[in-house]
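S.K.: Protein chains in written order, with the UniProt record's numbering: chain P, 1 to 164; chain S, 1 to 413.
Where is the CB? At the ideal position from N, CA and C, for every residue including glycine.
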Amino acid sequence: MESSKQKRCRSSVVETIEAPLPLVWSILRSFDKPQAYQRFVKSCTMRSGGGGGKGGEGKGSVRDVTLVSGFPADFSTERLEELDDESHVMVVSIIGGNHRLVNYKSKTKVVASPEDMAKKTVVVESYVVDVPEGTSEEDTIFFVDNIIRYNLTSLAKLTKKMMK
Amino acid sequence: MAEICYENETMMIETTATVVKKATTTTRRRERSSSQAARRRRMEIRRFKFVSGEQEPVFVDGDLQRRRRRESTVAASTSTVFYETAKEVVVLCESLSSTVVALPDPEAYPKYGVASVCGRRREMEDAVAVHPFFSRHQTEYSSTGFHYCGVYDGHGCSHVAMKCRERLHELVREEFEADADWEKSMARSFTRMDMEVVALNADGAAKCRCELQRPDCDAVGSTAVVSVLTPEKIIVANCGDSRAVLCRNGKAIALSSDHKPDRPDELDRIQAAGGRVIYWDGPRVLGVLAMSRAIGDNYLKPYVISRPEVTVTDRANGDDFLILASDGLWDVVSNETACSVVRMCLRGKVNGQVSSSPEREMTGVGAGNVVVGGGDLPDKACEEASLLLTRLALARQSSDNVSVVVVDLRRDT
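1) Compile a chain-ordered list of the residues in the stretch 139-150 of chain P whose CB is closer than 8 Å to at least one CB of chain S.
2) Taking VAL102 of chain P as the query, report the chain S residues whose CB atoms sit under 9 Å from its CB, ordered along the chain.
3) Around the Cβ of residue 434 of chain S, are there at least 16 other Cβ atoms within 10 angstroms (buried) or fewer (exposed)?
4) For MET46 of chain P and LEU80 of chain P, I'd like the C-alpha separation in whole angstroms.
5) Give the C-beta separation of SER292 of chain S and ILE270 of chain S to the nearest angstrom, bearing in mind that I take them to be a contact with Cβ-Cβ under 8 Å.
6) Mind the definition here: the stretch 10-19 of chain P touches the stretch 69-80 of chain P only if three or more C-beta pairs lie below 8 Å; say whether that holds.
7) HIS155 of chain S touches chain P at which residues, Cβ-Cβ below 9 Å?
8) I need the straight-line Cα distance from SER116 of chain S to ALA395 of chain S, nearest angstrom please.
9) Are GLU125 of chain P and ILE148 of chain P touching if we call contact CB-CB under 8 Å?
10) Measure from the C-beta of ARG39 of chain P to each C-beta in chain S and report whether the shortest distance is under 8 Å.
11) Would ILE234 of chain S pass as an interface residue toward chain P - the criterion being a Cβ-Cβ separation below 8 Å?
12) For THR144 of chain S, verify whether its CB is less than 7 Å away from any heavy atom of the ligand GTP.
13) Which bits of chain P does LEU286 of chain S rub up against, with CB to CB less than 7 Å?
14) Could you pull out every residue in the same chain whose Cβ sits closer than 8 Å to the Cβ of GLU196 of chain S, ignoring the five residues on either side in sequence?
15) What does a CB cutoff of less than 6 Å around ASP319 of chain S pick up in its chain, not counting 5 residues either side in sequence?
16) I need the straight-line Cα distance from ALA180 of chain S to HIS99 of chain P, nearest angstrom please.
17) Can you tell me which of the three DSSP states HIS99 of chain P falls into?
18) Please classify ASP297 of chain S: is it buried, with 16 or more other beta-carbons within 10 angstroms of its beta-carbon, or exposed?
19) Give a yes or no on whether the minimum CB-CB distance between THR16 of chain P and chain S is below 8 Å.
20) Quick check for students: name the residue ranges of the alpha helix (DSSP H) that lie wholly in the stretch 102-132 of chain P, counting only runs of 4 or more.
21) Within 10 angstroms of its Cβ, does ASP258 of chain S collect 16 or more other Cβ (buried), or is it exposed?
22) Please say whether ILE234 of chain S and ARG165 of chain S have beta carbons closer to each other than 8 Å?
23) Taking the beta carbon of GLU383 of chain S as the centre, do at least 16 other beta carbons fall within 10 Å, making it buried, or is it exposed?
24) Who are the Cβ neighbours of TYR152 of chain S in its own chain at under 7 Å, not counting the five residues just before and after it?
25) Taking a contact to mean a Cβ-Cβ separation below 8 Å, would you say VAL92 of chain P touches LEU67 of chain P in this structure?
26) Give, in chain order, every residue of the stretch 115-135 of chain P whose Cβ lies closer than 9 Å to some Cβ of chain S.
27) Go to THR159 of chain P, then tell me how far its alpha helix (DSSP H) extends in each direction, as first and last residue.
28) Apart from the five residues on each side of it in sequence, which residues of its chain come closer than 7 Å, Cβ to Cβ, to ILE305 of chain S?
29) Return helix, strand or coil for ALA338 of chain S, following the three-state DSSP convention.
30) If I follow the unbroken beta strand (DSSP E) through ILE278 of chain S, where does it start and stop?
31) In chain P, which residues lie with their C-beta within 9 Å of the C-beta of ILE295 of chain S?
32) Using the Cβ count rule (16 or more neighbours within 10 Å means buried), how would you classify GLU133 of chain P?
33) Is there a Cβ of chain P sitting closer than 8 Å to that of ARG276 of chain S, yes or no?
34) Report the residue from P:PHE71, P:PRO72, P:MET90 whose alpha carbon sits nearest the alpha carbon of SER61 of chain P.
35) Looking at ASP331 of chain S: is its Cβ nearer than 8 Å to the Cβ of SER256 of chain S?
Pasting the structure below:
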């Protein structure tokens, strides 16, 4: 009930990466290693692995993420809701932490780019989150879009480096 | 003159050595330094033994003469202290033979103290640099020294702050020697420092933990508040939200202005550059960084710039001391309170209250990593003052690293 009173907002960030889909997906899907491409993640510890799939990679897995200093949060607890290697979809929820992103849920979908299916990949990350008290919807979207964009830019750099 | 200068430079190069050791108390560090010095030339042995033998409290009656004598001898040696981590001290020693260089006026020798604590932050990302006589200005009959101190509060990781500690004073010296205008030389040296760390971050060549994880370190940066003390002036250059405060005639005077994103002129500059300031746990550039200027932070340029604001203040008889500290202190202690605390220490009213085993006493407030001391030639009162300020910050629930430098500016002590 309390949740339904809170204003929510949603947005999507799209990034085209100059790398083949399998490479991009292999990094994105590693739920236990977000620090590989997420710019503000310092380290990650798996709290529990889900029943299915490889250790720490199954549905229901929970990770404790430590964030870098200077960032407006120190840690975040996140759960893997869905991971589909056929349709290249990953759904992650934030379930705790000392940040202001409450009821955050994101869906990341990866598809080969129509421009060049063998060498380019389009990553779409869509999310929904409560608008924190005292912050406007516009600012919330700006902030989260910004973080996601930084992460995907970092992912692009990483894949470029890996292909050398 | 040229010959003397040449000899001086050769001597400095020959006698420069880096000694790495772990130290948690002043006495222990002095002893080790003396031990290290013993391996060098005889003259140095005598000088260091003299220093380490100094046991009397600073303000005991009759000590003034001994102190003056000690300073005359000590003036022939300079030392520079770098804080690698809270538990490791790097000491760079330089010795100058009195036959080569006229001794500086003993009263010109800086009295300073440094304290730095990790606090509740998981890692130490602050760095401090103190370089007495980092730049010399010599005439035929005398030698005056400029003294440098800097506090660098890192974020994202420690390597930018560590690089500032290693390099910034060298850049300041180079730029000032090239053009004796403080505003310009400080701006150029900060720009060069920023360029060096931006290149380091972009290459992923910082060789610290974060490099192992990702191809770049774009989200790493540092504040830099720097002071140069000359016989006539106090120069302060600031970039970020650390701060320099002068105590003059008992009153606090801010020599720097914090670069917060909501400072009206900073907000205007950021918006003009196409950036935004979002209030997310306080005002932040793009909602991410809580300061509007910093060294490094590649990803936030051009909104976050490295240009320092420079103040030049004439020294005056009423000058008591100077405090440089990171925002871990200033967020919880006002300029006025900090000045009151330091004045008490420098007047000897707090002697005996500061434990001789500060580490043990500090444990209760979560400061497991304490480094105390300003080098081989610390001033006890200044050390106590800086330590007391860090304790006060922790007691007031500062959640950040806290680093403090206190420099005694009085000329009649």
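M.R.: Let's see:
1) ASP139, PHE142, PHE143, ASN146, ILE147, TYR150
2) Under the 9 Å cutoff, chain S gives no residues; its nearest Cβ is about 13 Å from VAL102 of chain P.
3) No information on residue 434 of chain S is available, as it lies outside the stretch 1 to 413 that chain S covers here.
4) 11 Å
5) 6 Å
6) no
7) VAL68, SER69, GLY70, PHE71
8) 15 Å
9) yes
10) yes
11) no
12) Absence of the ligand GTP is noted for the structure shown, with no ligands found whatsoever.
13) ASN146
14) LYS163, ARG167
15) ARG248, LEU409
16) 48 Å
17) coil
18) buried
19) no
20) none
21) buried
22) no
23) buried
24) ASP126, ALA127, ALA161, CYS164, ARG165, SER222, THR223, ALA224
25) no
26) PRO132, GLY134, THR135
27) 137-162
28) ARG293
29) helix
30) 277-279
31) In chain order: nothing, as chain P lies at least about 13 Å away.
32) exposed
33) yes
34) P:MET90
35) no
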